[in-house]
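These protein sequence lines are chains A, B, C and D, in that order. Sequential numbering from 1 applies to the first sequence in my numbering. Sequential numbering from 331 applies to the second sequence in my numbering. Sequential numbering from 661 applies to the third sequence in my numbering. Sequential numbering from 994 applies to the fourth sequence in my numbering.
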Amino acid sequence: MTTATAGREVTYLEAISEALDEEMTRDERVFIMGEDIGPYGGAFRITEGFQKKYGEWRVLDTPLAESGFVGAAIGAAMMGMRPVVEMQFADFISCAFDQIVEVAGTSYYRWRASVPMVIRAPYGGGVHGGPFHSECPEGWFFHSPGLKLVAPSTPYDAKGLLKAAIRDPNPVIYFEHKFLYRRVKAVLPSEDYIVPIGKGDVKRVGTDISVITYGAMVHLALEAADLLAKDGINLEVVDLRSLIPLDQELIYESVRKTSKAIVLHEDNKTGGIGAEIAARLAEDCFDCLDGPIIRIAPPDTPIPFSAPLEEFFLPKITDVVTAAKKLASY
Amino acid sequence: MTTATAGREVTYLEAISEALDEEMTRDERVFIMGEDIGPYGGAFRITEGFQKKYGEWRVLDTPLAESGFVGAAIGAAMMGMRPVVEMQFADFISCAFDQIVEVAGTSYYRWRASVPMVIRAPYGGGVHGGPFHSECPEGWFFHSPGLKLVAPSTPYDAKGLLKAAIRDPNPVIYFEHKFLYRRVKAVLPSEDYIVPIGKGDVKRVGTDISVITYGAMVHLALEAADLLAKDGINLEVVDLRSLIPLDQELIYESVRKTSKAIVLHEDNKTGGIGAEIAARLAEDCFDCLDGPIIRIAPPDTPIPFSAPLEEFFLPKITDVVTAAKKLASY
Amino acid sequence: MDLAVVAKEIKPADLLQMYYYLRLTRTLEDRVTALYRQGRIVGGVYTSNGMEAIPVGYASAIERDDIIAPYHRDMGAFLIRGITPGEVVAQYLGKRTGPTRGKDGNVHIGDLKRGIIGFVSHLADNLPIAAGAALAFKIRGESRVVVANTGDGGTSRGDFHEALNFAAVRKLPVVFFCNNNQYAYSTPLSLQMPIKDVVDRAKAYAIPGEIVDGNDVAAVYLAAKRAIGRARAGGGPTFIECKTMRMHGHSEHDSAKYVPRELLEEWKQKDPILKAEQLLRALGYADDAAFHEVEERVKREVEAGVEFGEQSPLPEGPEVLEGVFADDEEVSS
Amino acid sequence: MDLAVVAKEIKPADLLQMYYYLRLTRTLEDRVTALYRQGRIVGGVYTSNGMEAIPVGYASAIERDDIIAPYHRDMGAFLIRGITPGEVVAQYLGKRTGPTRGKDGNVHIGDLKRGIIGFVSHLADNLPIAAGAALAFKIRGESRVVVANTGDGGTSRGDFHEALNFAAVRKLPVVFFCNNNQYAYSTPLSLQMPIKDVVDRAKAYAIPGEIVDGNDVAAVYLAAKRAIGRARAGGGPTFIECKTMRMHGHSEHDSAKYVPRELLEEWKQKDPILKAEQLLRALGYADDAAFHEVEERVKREVEAGVEFGEQSPLPEGPEVLEGVFADDEEVSS
Ligand SMILES: Cc1ncc(C[n+]2csc(CCOP(=O)(O)OP(=O)(O)O)c2C)c(N)n1
Ligand SMILES: Cc1ncc(C[n+]2csc(CCOP(=O)(O)OP(=O)(O)O)c2C)c(N)n1
Ligand SMILES: [Mg+2]
Ligand SMILES: [Mg+2]
């Protein structure tokens, strides 16, 4: 299979769109549902033109009812379809929480009904969306057995992970970061590929300190790494890509090498994914740690609307620089 | 105020009932809502006789609609009432998730509307309830700003924390452990008292290893401590009591003393509260740690029904003993 | 039911088979209750006592490839779909031979090979799932139908609304049954909804609604047939309210003191098994000897089931860790 | 509206005041839209253009101690309840003087002192809250009423169902308005629900329903008065569907190409301000000069508001950390 845009630079957003398009062509069982995804093409225009191409029954505009259409996707998945549902904003996933954690997450475990569905969740801040158009809901689902979670940071990963998610026989929540939609670009391979779920990626090889992160924060870490390089501090940036299953081996390998770890994310700090990573390191890599495990994450508040507040709330390059310098002194 | 049962030994369940009763008498604004709490007295009979005593409008049987009645409680709280809603089982709180995290948790932060409400959540396993009558949902809310969470382990704490929760101007989820309902008893003070939210309690003073835990696991830790004492290992058992706000100082104090920590809980391991505690220790108490921070918690699966499965799933005394012995060797 | 209608619309063998399943359900559930009383079963035991005609009626009306999305008082439907009494007992006892291998309990039984969507305790969650299964059939152009059931209580939940609305907008091939047994646990209908007939809920979705005598298996069957036929023909969903009464407690620990005794007395006269026998007798399809024979047969089958359940092995602890995720051989395809 | 009825039921001053608020709303929202186009406002800008009569009508009908639970196209109601244009602009600009001090944006405005329940983006979440506020009044025996609003889209959510059902069962003093502007974002009514009139949803709850011309402020006002009166008298909830049309895009970034131009043309003729002017003229309450005066007045007020908003300080970063929890002085009491 070759893609329409082979050789051309595509945005993160286009990469998502391409993945969906190619999978719908490749596999008849794939269909998409959500609010305003039909003629309108979705709030972010990811499915623009899809309804014309695939028809009204493979591109369904739903009533405004997240629990209902997520539940419907589960039912269709049980019958052998491969639904991909779009949350208009990830924030509204709270309305479908019960269906996701109680039904989608437990059906295979309890009675061997696999639920091969994907929930696309446009998430994250930095876009002045305020408390209900900027949420990072991944922490809740990270603590819910039976769900896979992925969160790409690049167009390459965005495309490859969405394809892998659609082909996976389990429910997968696909966290696509709104801030990255049009801000990151790349030339993608012309042939079909997937990025396997459960495999992280070292986005920058380094020797001194491991920064473990995902999503938009990967870019923050890379920028910080460039700055720190000038001070002779050499960061390794580990992009988790998959949150569940977590690529524990990759994390451990990196920290065993650097002996120092920063865990960075955009979701609220307390009970976030960073806590789990720090806890695992504190248990399994205790002997190789040469300094405290520093977490960088927003405080435990809703994400605020006003620019100076949002800026204060979100992790900054300077936070990474400061933490790295502190660790370097150990 | 003196209680009806002054001087008599009461169960954990009776302590909850007493707290509710006394608060309803003390404060007209307190009213209760839920499924089958009226004439029936609730699935666990905690509100038996309440409707007779307080009338139909302070003890409301609701339709089977958790989101609706939690939302209604929020609205009533905004109007100055002090609603206490009962989940028939904590498991069903997923149906009210959106109202709890998005509305109750954010209203004060955004527009200064305080939401003085309590959600009683009968939770936890060990009662052969299977996947949907045994859940520990606290981890989700631990990661949701604006909510307070408490989880008593004794009749004294159960009563005092419920009273504090009812008097608190914020939304509080009160996790009452079903396994403890009739299994723990105590003579309670005859005068009115509260257990302040945000304060943990050392349930056993020790010197060698801190076990940080809450709920039913406190008793497991205490039993393990008795066993280990015979081997000359002296556990300190820290009962968190409040999960949000967390009594960080008490935890740090204990670990600074013992230099070794076990974090124990019944909720799933990944992304659980134990991860946060371990992460904080790994960051803030790194220099005082003499061994890895060991977490003991169930695997990342739904809690199973069948006895041998549930037994395997739940933390055991031997898990604590093994971990303590491992730590003692550091 | 009008005898002539029944004679015309239902084959004698089919009606006799329904009678058999009514008896099998009753006997099995009574036996499970006895095990519970002996302390052999822990946890909830939810029976369909007095309501057996509803699952037996609708499950008898579907075709082989159709799908059911039952709730917790649908034992008859499980049995008709091929779940054996032995599997039921094994499930209650947490045995590895139960449909969930000990992972889940009581009537949380699902098996896609036998056309059963397993349900979660969270009531009404099964309704969007049912709509989605029907959506799959519609998208693929298959002529299969889904039949879902809910209690009166479950209709107060948001998922009920979202499911029926979606199914109606898309004219999905799904039939919604409602087992209106007048109580949700201890809560009478009057505190659950402001309407007398649950079927009035369907008006919000312009879904055709029907009230049937839920204790009359023939009536349930025929209503199901009509609605399933309409769904299969592309006519969209139907809502069928079955008036009935819960004759046991909510679960077997519940003495149901809150139900007026006269109400129970009244409904005892309308027992679905009694009614079925009257019908079969009146139609001349069966006599006391035949009933007795069925009784003996189901007793044997239930006892064999109990034996199977009891002798089955329990799962072993480490099985907890198995099967959280479906394996992903598919991914590489 | 029938002139005689209006003349009899609405005081001239009240009608003139409604006209003023219609104009104030329009002018303010147009100005906010202009700020958005200039890039001065980031994020969503949801206006009530073409629908102003609904919030103005219902908010004019309530008493001082009543409470509103608005949604995102209720600017007129905010203004009537005392939120100033300056506060609105400050809110849009994320200033500390906005009702949420920069914590939240756009029309997420709440202030209990002015009887406004702030809403979250999650549509229909405000409806159970409204029912709960009404429950508080009922428990305390106060004669206060809650008026809530939702879009047509929001009625598909489970919380709509749970709220209306609960309110109806308990006969709570709450009036549910529905702003049926024929679209939820880009989705036409036909894909949202199987019924033509949203008011049919109310049948499921035996709640009295009414359809009114949502572009006629007098009609909305009188319907609100009737329903509020019934609620106050203990008659329970009412559902009022206001037929209207969204004349702008969903948010100001949306060109709404999916709406047929003829439909917009048709509704332009029914503009609520135009209609109000026709009514006021026909009743002899006002003439062009009076309208012009209102126009000048609201322009001045809006400009003053913009100035206030622009000159207000932004919050400072560390304010993020303030106010997650209400303080607990109460606890020790
Ligand atoms: C969402 C949810 N809330 C609460 C419960 C607890 N519960 C189990 S059965 C039941 C009553 C169900 O009533 P109904 O739907 O009428 O079914 P019935 O048992 O009467 O057949 C309740 C409240 C539940 N299972 N799910
Ligand atoms: C639960 C939820 N899902 C999705 C959205 C995104 N969204 C915002 S407004 C809107 C359409 C609302 O339509 P309607 O209720 O008719 O109100 P209108 O904007 O037409 O006044 C959608 C889908 C939301 N706010 N809440
Ligand atoms: Mg019932
Ligand atoms: Mg609309």
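All residues carry an ideal CB built from backbone N, CA and C; glycine is no exception. Owing to the predicted nature of the structure, the values given are computational and were not obtained by experimental measurement.
Cα-Cα separation, residue i to residue j
| i | j | result |
| --- | --- | --- |
| K203 of chain A | P137 of chain A | 24 Å |
| V1049 of chain D | S1248 of chain D | 26 Å |
| G1134 of chain D | L390 of chain B | 16 Å |
| F380 of chain B | Y439 of chain B | 34 Å |
| G1103 of chain D | I1076 of chain D | 9 Å |
| Y1085 of chain D | A65 of chain A | 28 Å |
| Y1029 of chain D | G129 of chain A | 14 Å |
| R960 of chain C | R886 of chain C | 35 Å |
CB contact check: residue i to chain C, cutoff 9 Å
| i | result |
| --- | --- |
| Q1185 of chain D | yes |
| S1325 of chain D | Low confidence applies to S1325 of chain D: its pLDDT is 38, below 50, so where it sits in the model is not reliable enough to give any reading. |
| N1158 of chain D | yes |
Proximity test, Cβ basis, 9 Å: residue i and chain B
| i | result |
| --- | --- |
| D764 of chain C | yes |
| S626 of chain C | As shown, chain C starts at 661 and ends at 993. That puts residue 626 of chain C outside it, with no answer to give. |
| P131 of chain A | yes |
Short CB-CB distance (under 9 Å) between residue i and chain D
| i | result |
| --- | --- |
| N786 of chain C | no |
| N840 of chain C | no |
| P482 of chain B | no |
| W470 of chain B | no |
Proximity test, residue i beta-carbon vs ligand 3 heavy atom, cut-off 8 Å
| i | result |
| --- | --- |
| D812 of chain C | yes |
| Q336 of chain A | Past the boundaries of the shown model lies residue 336 of chain A; chain A is included only from 1 to 330, so the question cannot be answered. |
| N840 of chain C | yes |
Sheet register partners of residue i (DSSP bridge)
| i | result |
| --- | --- |
| N1173 of chain D | D:K1236 |
| T898 of chain C | C:V835 |
| T11 of chain A | A:K185 |
| G1202 of chain D | D:F1232 |
| I769 of chain C | Answer is none; I769 of chain C lacks a bridge partner. |
| L149 of chain A | A:I173, A:I244 |
| M33 of chain A | A:L60, A:V85 |
9 Å Cβ cutoff, residue i in contact with chain A
| i | result |
| --- | --- |
| I539 of chain B | no |
| F797 of chain C | yes |
| G435 of chain B | yes |
| P413 of chain B | no |
Ligand 2 heavy atom lying under 8 Å from the CB of residue i
| i | result |
| --- | --- |
| E926 of chain C | no |
| R440 of chain B | no |
The alpha helix (DSSP H) enclosing residue i, as first and last residue numbers
| i | result |
| --- | --- |
| Y679 of chain C | 672-697 |
| Y54 of chain A | 50-54 |
| G1144 of chain D | Segment 1139-1144 is the beta strand (DSSP E) holding G1144 of chain D; no alpha helix (DSSP H) there. |
| A995 of chain C | The structure shown does not extend to residue 995 of chain C, since chain C spans only 661 to 993, so no value can be given for it. |
| A827 of chain C | 818-829 |
| L939 of chain C | 932-943 |
Contact test: residue i Cβ vs ligand 4 heavy atom, cutoff 8 Å
| i | result |
| --- | --- |
| A1177 of chain D | yes |
| R1239 of chain D | yes |
Bounding residues of the beta strand (DSSP E) (the contiguous stretch that carries residue i)
| i | result |
| --- | --- |
| Y109 of chain A | Element bounds for Y109 of chain A: not the beta strand (DSSP E) but the alpha helix (DSSP H), 107-111. |
| G273 of chain B | Outside the shown range of chain B (331 to 660) lies residue 273 of chain B, about which nothing can therefore be said. |
| P452 of chain B | 448-453 |
| A278 of chain A | Unbroken run through A278 of chain A is the alpha helix (DSSP H), 273-284; no beta strand (DSSP E). |
Check: residue i C-beta below 8 Å from any heavy atom of ligand 1
| i | result |
| --- | --- |
| F635 of chain B | no |
Check: residue i C-beta below 8 Å from any heavy atom of ligand 6
| i | result |
| --- | --- |
| Y40 of chain A | This structure lacks ligand 6; the ligands present are ligand 1, ligand 2, ligand 3 and ligand 4. |
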